[in-house]
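**Student:**
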Amino acid sequence: MSAAPVFHLQGVVAERRSGRAVFEVEVGEMSLAPGEVVAVTGASGCGKSTLLDILAFILPPLRVETGFVFRPRVGQPVDVAALARRRGLDRLTALRRRHVGYVPQVGGLLPYLDVRRNVMLSPALLGQRRVAEVLALIDRLGITPQLDKCPADLSVGERQRVAIARALAHGPDVVIADEPTAALDPENADLVLSLFVDEARRNGVTAIIATHDWDRVDRLGLRRIPHAMVPTEREGVVRARFGT
1 MSAAPVFHLQ GVVAERRSGR AVFEVEVGEM SLAPGEVVAV TGASGCGKST
51 LLDILAFILP PLRVETGFVF RPRVGQPVDV AALARRRGLD RLTALRRRHV
101 GYVPQVGGLL PYLDVRRNVM LSPALLGQRR VAEVLALIDR LGITPQLDKC
151 PADLSVGERQ RVAIARALAH GPDVVIADEP TAALDPENAD LVLSLFVDEA
201 RRNGVTAIIA THDWDRVDRL GLRRIPHAMV PTEREGVVRA RFGT
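Be aware that the sequence shown starts at 1, since it is given in the UniProt record's numbering, and climbs by one per residue.
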(Lines of atoms letter the chains of each structure in order from A and count residues from 1; the text may use other names and numbers.)
(Lines give C-alpha, C1' and ligand atoms only; values in the text may rest on other atoms or scores of the structure.)
Protein backbone atom coordinates (compact mmCIF):
# COMPACT_ATOMS: atom_id res chain seq x y z
CA MET A 1 0.00 0.00 0.00
CA SER A 2 1.43 3.40 -0.97
CA ALA A 3 1.87 6.07 1.70
CA ALA A 4 -0.69 8.84 1.99
CA PRO A 5 0.41 12.01 0.19
CA VAL A 6 2.19 14.78 2.05
CA PHE A 7 0.18 17.31 0.05
CA HIS A 8 -3.16 16.85 -1.66
CA LEU A 9 -4.69 19.88 -3.33
CA GLN A 10 -7.78 20.02 -5.51
CA GLY A 11 -9.53 23.14 -6.73
CA VAL A 12 -7.20 25.56 -4.90
CA VAL A 13 -7.01 29.16 -6.13
CA ALA A 14 -4.77 31.96 -4.87
CA GLU A 15 -4.02 35.37 -6.31
CA ARG A 16 -1.58 38.23 -6.27
CA ARG A 17 -2.55 41.80 -7.12
CA SER A 18 -0.56 44.74 -8.43
CA GLY A 19 -2.75 47.78 -8.87
CA ARG A 20 -5.65 46.67 -11.07
CA ALA A 21 -3.78 43.67 -12.46
CA VAL A 22 -4.57 40.27 -10.97
CA PHE A 23 -2.49 37.10 -11.31
CA GLU A 24 -4.33 33.93 -10.31
CA VAL A 25 -2.82 30.51 -9.74
CA GLU A 26 -5.16 27.55 -9.81
CA VAL A 27 -4.18 24.06 -8.66
CA GLY A 28 -6.48 21.61 -10.40
CA GLU A 29 -5.40 18.42 -8.62
CA MET A 30 -1.97 17.71 -7.18
CA SER A 31 -0.63 15.02 -4.86
CA LEU A 32 2.96 14.86 -3.63
CA ALA A 33 4.25 11.71 -1.96
CA PRO A 34 6.68 11.38 0.96
CA GLY A 35 10.23 11.23 -0.38
CA GLU A 36 9.25 12.52 -3.82
CA VAL A 37 11.25 15.19 -5.66
CA VAL A 38 9.24 17.16 -8.21
CA ALA A 39 10.12 20.00 -10.56
CA VAL A 40 8.01 23.06 -11.26
CA THR A 41 9.05 24.31 -14.69
CA GLY A 42 7.83 27.00 -17.05
CA ALA A 43 8.74 30.41 -18.37
CA SER A 44 9.56 33.31 -16.06
CA GLY A 45 6.38 34.92 -14.76
CA CYS A 46 4.23 31.81 -15.20
CA GLY A 47 3.38 31.47 -11.50
CA LYS A 48 6.06 29.07 -10.23
CA SER A 49 6.98 31.22 -7.23
CA THR A 50 3.31 31.78 -6.39
CA LEU A 51 2.70 28.03 -6.37
CA LEU A 52 5.67 27.56 -4.03
CA ASP A 53 4.28 30.20 -1.68
CA ILE A 54 0.95 28.34 -1.58
CA LEU A 55 2.69 25.08 -0.69
CA ALA A 56 4.88 26.82 1.91
CA PHE A 57 1.79 28.25 3.68
CA ILE A 58 3.00 31.78 2.88
CA LEU A 59 0.14 32.71 0.52
CA PRO A 60 -3.23 31.53 1.88
CA PRO A 61 -5.67 30.31 -0.78
CA LEU A 62 -8.41 32.66 -1.91
CA ARG A 63 -10.80 29.73 -2.25
CA VAL A 64 -10.67 25.94 -2.12
CA GLU A 65 -13.33 24.03 -4.03
CA THR A 66 -12.47 20.52 -2.83
CA GLY A 67 -9.52 20.34 -0.44
CA PHE A 68 -6.01 21.31 0.63
CA VAL A 69 -4.52 18.81 3.09
CA PHE A 70 -1.00 18.59 4.51
CA ARG A 71 0.19 15.41 6.25
CA PRO A 72 3.35 15.79 8.34
CA ARG A 73 5.46 12.71 9.08
CA VAL A 74 4.48 12.95 12.75
CA GLY A 75 1.04 14.10 13.85
CA GLN A 76 -2.39 14.41 12.36
CA PRO A 77 -3.30 15.65 8.85
CA VAL A 78 -3.88 19.40 8.66
CA ASP A 79 -6.83 20.91 6.79
CA VAL A 80 -5.05 23.95 5.35
CA ALA A 81 -8.25 25.14 3.64
CA ALA A 82 -10.07 25.28 6.99
CA LEU A 83 -7.19 27.17 8.61
CA ALA A 84 -7.21 29.70 5.76
CA ARG A 85 -10.98 30.20 6.13
CA ARG A 86 -10.57 30.81 9.86
CA ARG A 87 -7.62 33.14 9.25
CA GLY A 88 -5.42 30.78 11.22
CA LEU A 89 -2.23 32.50 10.09
CA ASP A 90 -0.36 31.81 13.34
CA ARG A 91 -0.97 28.07 12.92
CA LEU A 92 0.17 28.22 9.29
CA THR A 93 3.32 30.06 10.36
CA ALA A 94 4.00 27.39 13.01
CA LEU A 95 3.49 24.64 10.41
CA ARG A 96 5.96 26.32 8.06
CA ARG A 97 8.55 26.87 10.78
CA ARG A 98 8.53 23.22 11.89
CA HIS A 99 7.78 21.25 8.75
CA VAL A 100 9.01 23.32 5.77
CA GLY A 101 12.46 24.36 4.64
CA TYR A 102 12.29 27.25 2.15
CA VAL A 103 15.04 28.36 -0.24
CA PRO A 104 14.13 31.73 -1.83
CA GLN A 105 15.52 32.90 -5.16
CA VAL A 106 17.66 35.50 -3.39
CA GLY A 107 18.31 36.48 0.20
CA GLY A 108 16.90 34.48 3.05
CA LEU A 109 19.94 35.00 5.30
CA LEU A 110 20.20 37.36 8.26
CA PRO A 111 23.00 39.82 7.40
CA TYR A 112 24.13 40.33 11.01
CA LEU A 113 24.70 36.61 11.69
CA ASP A 114 27.64 34.58 10.45
CA VAL A 115 27.11 31.45 8.38
CA ARG A 116 27.25 29.13 11.40
CA ARG A 117 24.51 31.02 13.25
CA ASN A 118 22.37 31.47 10.13
CA VAL A 119 22.34 27.73 9.49
CA MET A 120 21.83 26.75 13.14
CA LEU A 121 19.03 29.27 13.75
CA SER A 122 16.04 27.06 12.89
CA PRO A 123 17.20 24.04 14.95
CA ALA A 124 17.93 26.39 17.88
CA LEU A 125 14.47 28.00 17.72
CA LEU A 126 12.86 24.55 17.62
CA GLY A 127 14.93 23.28 20.55
CA GLN A 128 16.69 20.67 18.41
CA ARG A 129 20.16 19.20 18.96
CA ARG A 130 21.32 18.48 15.42
CA VAL A 131 24.91 19.73 15.50
CA ALA A 132 26.48 16.63 13.91
CA GLU A 133 23.84 16.42 11.18
CA VAL A 134 24.12 20.11 10.36
CA LEU A 135 27.93 20.08 10.24
CA ALA A 136 27.80 17.10 7.85
CA LEU A 137 25.36 19.04 5.66
CA ILE A 138 27.59 22.11 5.69
CA ASP A 139 30.60 20.00 4.76
CA ARG A 140 28.76 18.36 1.87
CA LEU A 141 27.78 21.76 0.49
CA GLY A 142 31.41 22.90 0.64
CA ILE A 143 30.82 25.89 2.91
CA THR A 144 32.79 24.81 6.01
CA PRO A 145 35.55 27.40 5.30
CA GLN A 146 32.87 30.14 5.33
CA LEU A 147 31.37 29.37 8.76
CA ASP A 148 32.70 32.50 10.47
CA LYS A 149 31.85 34.89 7.62
CA CYS A 150 28.76 37.06 7.31
CA PRO A 151 26.59 36.91 4.16
CA ALA A 152 28.06 40.15 2.77
CA ASP A 153 31.48 38.48 2.60
CA LEU A 154 30.25 35.55 0.49
CA SER A 155 29.83 35.14 -3.25
CA VAL A 156 26.31 34.84 -4.65
CA GLY A 157 26.77 31.10 -5.12
CA GLU A 158 28.09 30.66 -1.56
CA ARG A 159 25.10 32.55 -0.16
CA GLN A 160 22.78 30.27 -2.09
CA ARG A 161 24.44 27.15 -0.68
CA VAL A 162 24.18 28.59 2.83
CA ALA A 163 20.47 29.23 2.24
CA ILE A 164 20.06 25.59 1.18
CA ALA A 165 21.87 24.39 4.32
CA ARG A 166 19.65 26.61 6.45
CA ALA A 167 16.50 25.23 4.80
CA LEU A 168 17.54 21.63 5.53
CA ALA A 169 19.13 22.14 8.95
CA HIS A 170 16.04 21.42 11.07
CA GLY A 171 15.14 18.20 9.26
CA PRO A 172 11.93 19.41 7.58
CA ASP A 173 9.26 17.17 6.07
CA VAL A 174 9.21 19.36 2.96
CA VAL A 175 11.85 21.49 1.28
CA ILE A 176 10.70 24.11 -1.22
CA ALA A 177 13.37 25.70 -3.41
CA ASP A 178 12.89 28.59 -5.84
CA GLU A 179 15.56 28.43 -8.57
CA PRO A 180 18.19 26.91 -6.22
CA THR A 181 20.76 26.34 -8.99
CA ALA A 182 20.39 29.68 -10.81
CA ALA A 183 23.44 31.27 -9.15
CA LEU A 184 25.59 28.13 -9.11
CA ASP A 185 28.30 26.82 -11.40
CA PRO A 186 27.58 23.45 -13.08
CA GLU A 187 29.48 21.41 -10.49
CA ASN A 188 27.64 22.95 -7.54
CA ALA A 189 24.32 22.82 -9.40
CA ASP A 190 24.77 19.05 -9.74
CA LEU A 191 25.73 18.85 -6.07
CA VAL A 192 22.63 20.71 -4.89
CA LEU A 193 20.11 18.76 -6.94
CA SER A 194 21.77 15.49 -5.93
CA LEU A 195 21.51 16.59 -2.29
CA PHE A 196 17.76 17.12 -2.61
CA VAL A 197 17.36 13.68 -4.19
CA ASP A 198 19.48 12.07 -1.45
CA GLU A 199 17.49 13.78 1.31
CA ALA A 200 14.32 12.44 -0.26
CA ARG A 201 15.64 8.89 -0.46
CA ARG A 202 17.32 8.75 2.95
CA ASN A 203 14.94 10.75 5.10
CA GLY A 204 11.64 10.80 3.22
CA VAL A 205 11.82 14.54 2.57
CA THR A 206 9.46 15.81 -0.12
CA ALA A 207 11.24 18.35 -2.35
CA ILE A 208 9.51 20.83 -4.66
CA ILE A 209 11.96 22.67 -6.91
CA ALA A 210 11.12 25.53 -9.26
CA THR A 211 13.75 25.61 -11.97
CA HIS A 212 14.67 26.45 -15.55
CA ASP A 213 17.34 23.75 -15.41
CA TRP A 214 15.34 21.30 -17.53
CA ASP A 215 18.35 19.22 -18.63
CA ARG A 216 19.24 18.35 -15.03
CA VAL A 217 15.58 17.68 -14.21
CA ASP A 218 15.37 15.20 -17.08
CA ARG A 219 18.74 13.64 -16.24
CA LEU A 220 17.58 12.95 -12.68
CA GLY A 221 14.23 11.65 -13.90
CA LEU A 222 12.20 14.09 -11.80
CA ARG A 223 8.46 14.37 -12.29
CA ARG A 224 7.35 17.72 -13.64
CA ILE A 225 4.18 19.34 -12.33
CA PRO A 226 1.86 20.01 -15.32
CA HIS A 227 1.43 23.70 -16.09
CA ALA A 228 -0.60 25.81 -18.52
CA MET A 229 -1.72 29.40 -18.94
CA VAL A 230 -5.52 29.50 -18.93
CA PRO A 231 -7.59 32.03 -20.93
CA THR A 232 -9.93 34.18 -18.86
CA GLU A 233 -12.62 36.65 -19.88
CA ARG A 234 -12.05 38.87 -16.86
CA GLU A 235 -10.25 42.08 -17.79
CA GLY A 236 -6.86 42.49 -16.17
CA VAL A 237 -6.76 38.89 -14.93
CA VAL A 238 -4.05 36.39 -15.92
CA ARG A 239 -4.47 32.80 -14.76
CA ALA A 240 -1.98 29.94 -14.54
CA ARG A 241 -3.00 26.36 -13.80
CA PHE A 242 -0.84 23.69 -12.18
CA GLY A 243 -1.61 20.02 -11.74
CA THR A 244 -4.07 17.88 -13.68
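Positions of the beta carbon are idealized from the N, C-alpha and C atoms, including for glycine.
(1) Which stretch, first to last residue, makes up the beta strand (DSSP E) that contains Ile138?
(2) Find the nearest neighbour of Arg241 within the set Arg117, Ile54 and Pro104, judged by alpha-carbon distance.
(3) Can you check DSSP and say which residues form a bridge with Ile176?
(4) In this structure, does DSSP put Gln76 in helix, strand or coil?
(5) Please report how far the alpha carbon of Val13 lies from the alpha carbon of Asp79, in whole angstroms.
(6) Could you pull the start and end residues of the beta strand (DSSP E) that Ala3 belongs to?
(7) How would you label Arg86, buried or exposed, when you count the other beta carbons within 10 angstroms and need 16 or more for buried?
(8) Could you tell me the alpha carbon to alpha carbon distance between Met1 and Ala33, rounded to whole angstroms?
(9) By Cβ distance below 8 Å, which residues in the same chain neighbour Arg234 in space, the five residues on each side in sequence not counted?
**Tutor:** The short version:
(1) Counted from its first residue, the sequence shown places residue 138 at position 138. No beta strand (DSSP E) contains Ile138, which is instead part of the alpha helix (DSSP H) from Val131 to Arg140.
(2) Taking the first residue of the sequence shown as position 1, residue 241 is located at position 241. Comparing Cα-Cα distances from Arg241 to each of Arg117, Ile54 and Pro104, the minimum goes to Ile54.
(3) Residue numbering aside, residue 176 sits at position 176 when the sequence shown is read from its first letter. Answer is Tyr102 and Ile208, bridged to Ile176.
(4) Working through the sequence shown from its first residue, we reach residue 76 at position 76. Three-state result, Gln76: coil.
(5) In the sequence shown, the residue the question calls residue 13 occupies position 13. In the sequence shown, the residue the question calls residue 79 occupies position 79. Each residue's Cα considered, the two are about 15 Å apart.
(6) The residue you call residue 3 lines up with position 3 of the sequence shown. Note, Ala3: premise wrong, no beta strand (DSSP E); not H, not E.
(7) In the sequence shown, counting from the first residue as 1, residue 86 sits at position 86. Exposed: under 16 other Cβ atoms inside 10 Å.
(8) Counting from 1 along the sequence shown, the entry for residue 1 is found at position 1. Counting from 1 along the sequence shown, the entry for residue 33 is found at position 33. No answer about Met1 holds up, because its pLDDT of 49 lies below 50 and its placement is not dependable.
(9) The residue labelled residue 234 in the question sits at position 234 within the sequence shown. Here the set comprises Val22.
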